[in-house]
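In order, the protein sequence lines correspond to chains S and U.
Following our numbering, the numbering of the first sequence begins with 5 at its first residue and continues without gaps.
Following our numbering, the numbering of the second sequence begins with 5 at its first residue and continues without gaps.
Don't be surprised by glycine CBs; every beta carbon is placed ideally from N, CA and C.
Fair warning: this is a prediction, and the values are worked out from it, not measured in the lab.
There are 2 protein chains.
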Amino acid sequence: MKGTPVTAPALTIQELTAQRDRAREDFAALVGRGLKLDLTRGKPSPRQLDLANELLDVRAPVVSADGTDLRNYGGLNGLAELRAIFSQALQVPVEQLLAAGNSSLELMHDAVVFAQLSVLPGGERRWADEPEIAFLCPVPGYDRHFGICERYGITMIPVPMTETGPDMDVVERLAADDARIKGIWCVPKYSNPDGTVYSAETVRRLAAMPTAAPDFRIFWDNAYAVHHLTDKPAEIADLLASCAQSGNPDRAFVFGSTSKITFAGSGVGFFGASAANVKWWLSHTVKRSIGPDKINQLRHVRFLKDADGLREHMRQHAALIRPKFDAVDKILSTELSGTGLASWTSPAGGYFILLRVPAGCAAAVVAKAKEAGIALTPAGATHPHGDDPQDQLIRIAPTFPELAEVEAAIDALATCVRLVGTEKLLADRQ
Amino acid sequence: MKGTPVTAPALTIQELTAQRDRAREDFAALVGRGLKLDLTRGKPSPRQLDLANELLDVRAPVVSADGTDLRNYGGLNGLAELRAIFSQALQVPVEQLLAAGNSSLELMHDAVVFAQLSVLPGGERRWADEPEIAFLCPVPGYDRHFGICERYGITMIPVPMTETGPDMDVVERLAADDARIKGIWCVPKYSNPDGTVYSAETVRRLAAMPTAAPDFRIFWDNAYAVHHLTDKPAEIADLLASCAQSGNPDRAFVFGSTSKITFAGSGVGFFGASAANVKWWLSHTVKRSIGPDKINQLRHVRFLKDADGLREHMRQHAALIRPKFDAVDKILSTELSGTGLASWTSPAGGYFILLRVPAGCAAAVVAKAKEAGIALTPAGATHPHGDDPQDQLIRIAPTFPELAEVEAAIDALATCVRLVGTEKLLADRQ
């Protein structure tokens with residue numbers, strides 16, 4: 005993380021008081037500006053969506069490469085041409101990759117639901133018939149993963165993140181010992197919210213570790229597979245292949261989507277897994293659907309064209325959002341470096357910057373920001389049940405607002421950090 | 005049903021033998037023609053799909069009436085403008101009607117799944133925690149309804165259909181006595197496959213009847229709400245209102261879709277219910293999705309415009325498919341009237357004609373048709389587990405093939421009925 009490690013700097017009470025007073029003045033002025041800005045969710049900006057406006061029109065005839073009329077029923081596995089475009093990025097062979105409906109969140113939800121209602125390959129009983137089931141939740145993590153667990157009464161066991169992914173010593177110990185544990189949530193590349201890229205060793209250990217539950221699954225949410233911010237795209241090891249090589253071929257559920265590639269609300273979700281898992285998956289979806297929206301899939305094929313077209317399109321996204329990430333970094337550096345009040349990530353991809361403030365200050369900073377008209381993701385959202393026990397992490401989502409708005413919002417946020425932080429340091433001294 | 009009631013006609017053995025021999029000759033000639041025709045599924049024809057080709061293009065900006073950018077995340081309930089167009093046809097107030105993804109089958113599946121995993125309004129426990137649950141299945145019925153029950157181990161209890169809907173004496177008795185029974189599948193208008201329109205009295209009794217299960221649900225698959233074949237559209241009573249009036253406001257789940265209105269594979273599904281049910285539904289879907297494909301919903305709004313536009317569009321469908329239904333009726337009348345070998349429905353809407361052959365003959369007719377190159381829905385598909393105990397019903401789906409193909413296929417089918425039927429009658433005499 006950038007900035008200074010969050011430890012109290014060697015300031016006198018007088019110096020701290022002066023800083024606090026200046027922060028109070030700045031905050032009063034800030035409130036006076038009557039801002040109304042939103043940094044809550046990782047949404048693409050209208051300009052990013054404009055990049056894909058060609059999707060809106062698709063010329064007839066809408067037929068697939070094999071001549072199928074894509075307007076009609078059928079084609080449960082999704083358009084092969086589209087699966088081919090995403091096969092490399094998601095590291096799933098085309099024949100094991102399904103293209104589905106509007107988002108990968110739906111597919112992750114459905115995987116949890118289907119596993120409750122029918123026995124997974126390798127499993128002994130339905131999850132609904134277990135007295136209790138649990139998931140490992142690397143923290144900080146993605147609130148919507150936790151939301152699925154919460155809805156279905158799945159116990160969430162936090163695991164600390166490291167620079168190379170979840171702390172594998174902890175993961176291995178828990179997974180080996182506790183048969184309640186049926187899965188782990190992972191965002192392996194440019195992780196939400198900390199931007200971590202899982203190391204090859206992490207992937208290898210996840211694939212190979214013994215698990216007490218015979219139907220343990222890695223929910224591999226590769227949401228930012230192609231969402232690079234630099235010219236050196238991060239690569240992660242191939243989980244599906246690694247699982248197969250380790251003798252655990254059915255361990256991985258791979259998810260991806262076009263949601264932050266084309267239109268966030270009208271994209272295509274992908275599910276990839278072993279042949280046995282795909283068969284199990286289809287045994288549910290064949291009862292649920294007579295096929296996904298294949299015209300929308302064709303739109304994506306015609307628009308993206310191939311894997312190179314996908315990469316080029318993502319470079320255009322990066323050109324729009326990189327300046328926003330740079331602005332956040334620059335303003336936080338200017339305002340908070342050396343204060344001992346904050347550190348933050350500088351991710352090479354993905355959608356978020358993670359801000360760390362002194363313990364016990366995150367909720368107060370978010371509340372102050374709200375007073376100043378800046379909407380932030382609730383403090384704690386990075387943890388199961390919205391409970392960050394250290395109360396120190398804030399997720400910043402800089403993509404949606406215009407650059408000038410991002411700058412104004414981060415400037416305001418820094419003021420709130422200075423105010424809450426100096427008050428906390430003073431209180432700690434007294 | 006048209007034709008002659010299926011009873012052995014008063015023919016001599018000699019007369020019957022002559023008929024059988026002629027049928028054998030005709031069948032041999034038929035096989036010689038090498039036909040390859042498909043009457044299996046209720047799919048719109050390419051010409052019907054052409055009616056909606058304007059959907060393929062949608063002009064930017066894609067914004068809703070309230071100014072929302074429909075390309076981005078959000079809007080879980082679906083586009084209000086679209087829900088308004090379908091509110092009247094589906095008999096659900098706009099605020100209780102949700103517009104979702106690609107099909108109503110998905111929504112029916114998900115309703116069964118959600119009810120297994122969380123307690124329904126009025127319920128005492130999750131269906132997954134019951135030792136056994138059961139659904140009433142009016143027969144003949146829709147195989148995909150039965151498929152959902154089969155996938156989740158739900159016991160299916162057949163109930164005979166009458167001219168006015170399911171036999172309500174049977175339904176009332178079973179629902180009142182058997183707490184395992186959690187629901188009933190209904191296609192209330194132009195029922196699949198028998199074309200029945202539920203009477204007002206049937207609707208009233210369904211809404212008002214006592215049920216042993218406190219969380220009993222009517223799965224009201226109003227798939228053919230606007231799919232009329234005549235100039236006198238059938239009307240059904242308002243189930244949702246009737247349930248509320250009877251003190252059972254949460255009993256109805258209403259489903260509908262545009263699948264056989266615009267593009268079968270790229271439509272919009274609808275879910276309508278009481279406020280309590282909608283809240284329960286959203287408690288699942290809010291964890292599952294960040295909103296349906298709102299651009300596709302906007303395409304539908306711009307294309308259909310309003311309820312009148314919907315009605316006019318459906319008149320164009322009727323103009324394309326009515327001649328096919330007429331052709332089936334004409335050929336069956338010419339070939340089979342007075343033979344005692346068949347009777348059939350003459351529906352005023354929907355997608356199917358139901359052919360009844362002598363008991364024990366349906367599977368053999370379908371097999372013979374296959375020999376002659378005519379694909380038919382498997383005999384028995386109209387019953388749970390594909391088991392028609394009388395083996396006498398065949399579902400004919402005439403919409404997809406071109407008119408000339410429908411004629412050739414029905415002509416061939418009639419030959420198969422004559423062959424199998426006369427052989428059966430002769431065997432019965434011996």
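With contacts defined by Cβ atoms closer than 9 Å, residue 273(U) and residue 110(U) form a contacting pair.
Straight-line measurement puts the Cα of residue 217(S) at about 43 Å from the Cα of residue 191(U). By the CB criterion at 9 Å, residue 197(U) and residue 145(U) fall inside the cutoff. Secondary structure at residue 201(S): coil, using DSSP grouped into helix, strand and coil. For the pair residue 240(S) and residue 215(S), the CB atoms are not nearer than the 9 Å cut-off. Not one beta carbon of chain S lies nearer than 9 Å to the beta carbon of residue 431(U). In terms of Cβ geometry, residue 338(U) and residue 308(U) do not form a close pair [threshold 9 Å]. Residues of chain S whose Cβ lies closer than 8 Å to the Cβ of residue 78(U) are, in chain order, 269. Looking at 403(S), 92(S), 47(S) and 369(S), the one whose alpha-carbon comes closest to that of residue 313(S) is 92(S). Beyond the five residues adjoining it in sequence on each side, residue 79(U) comes within less than 6 Å, by CB distance, of 295 and 298 in the same chain, given in chain order. Taking residue 289(U) as reference, the option from 20(U), 104(U) and 74(U) with the minimal CA-CA separation is 104(U).
In the three-state reduction of the DSSP assignment, residue 388(U) falls in the helix class. Distance between residue 200(S) and residue 251(U), taken at the CA atoms: about 55 Å.
Assignment of beta-bridge partners to residue 138(U) by DSSP yields 159(U) and 185(U). Looking from the CA of residue 395(U), the closest CA among 385(U), 404(U) and 60(U) belongs to 385(U).
Approximately 32 Å separates the beta-carbon atoms of residue 7(S) and residue 261(S); this is outside 8 Å, ruling out the contact. The beta strand (DSSP E) runs lying completely inside the region 93 to 119 of chain S and spanning 3 residues or more are 101 to 103, given in chain order. A Cβ-Cβ distance of about 6 Å is found for the pair residue 369(S) and residue 398(S), placing them in contact under the 8 Å criterion. The beta carbon of residue 228(U) sits closer than 6 Å to those of 193, 194, 353 and 354, all from its chain and outside the five residues before and after it, given in chain order.
Within the region 51 to 76 of chain U, contact with chain S at the beta-carbon level (separation under 7 Å) is assigned to 53, 57, 60, 61, 62, 64, 66, 73, 74, 75 and 76. A distance below 9 Å separates the beta carbons of residue 388(U) and residue 154(U).
Annotation: the continuous alpha helix (DSSP H) that includes residue 424(U) extends over 407 to 433. Excluding residues up to 5 positions away in sequence, 430 and 433 lie with their Cβ nearer than 8 Å to the Cβ of residue 17(U) in the same chain. Chain-order list of chain S residues neighbouring residue 156(U): 121, by C-beta distance under 7 Å. By the rule that beta-carbons nearer than 9 Å mark a contact, residue 295(U) touches chain S. The three-state secondary structure of residue 379(S), taken from DSSP, is strand. Neighbourhood of residue 109(U) in chain S, by CB distance below 9 Å: 291, 292, 293 and 294, in chain order. Interface with chain S (9 Å Cβ-Cβ cutoff): residue 389(U) is excluded.
Annotation: the continuous alpha helix (DSSP H) that includes residue 244(U) extends over 243 to 249.
Non-local C-beta neighbours of residue 98(S) in its own chain, meaning closer than 8 Å and more than five positions away in sequence, comprise 84, 87, 88 and 91, ordered along the chain. Counted as a single uninterrupted DSSP element, the beta strand (DSSP E) harbouring residue 259(U) occupies residues 256 to 261. Take residue 287(S), set aside five residues on each side of it, and the residues of its chain with a beta-carbon closer than 8 Å to its own are 122, in chain order. With a threshold of 9 Å between beta carbons, residue 187(U) makes no contact with chain S. For residue 231(U), there are no neighbours in chain S by C-beta distance under 8 Å, as the nearest C-beta there is about 16 Å away. Within the same chain, Cβ atoms closer than 7 Å to the Cβ of residue 400(S) are found at 43, 332, 356, 357 and 359, the five residues on either side in sequence being excluded. Nearest to residue 69(S) by C-alpha distance, out of 381(S), 349(S), 415(S) and 302(S), is 302(S).
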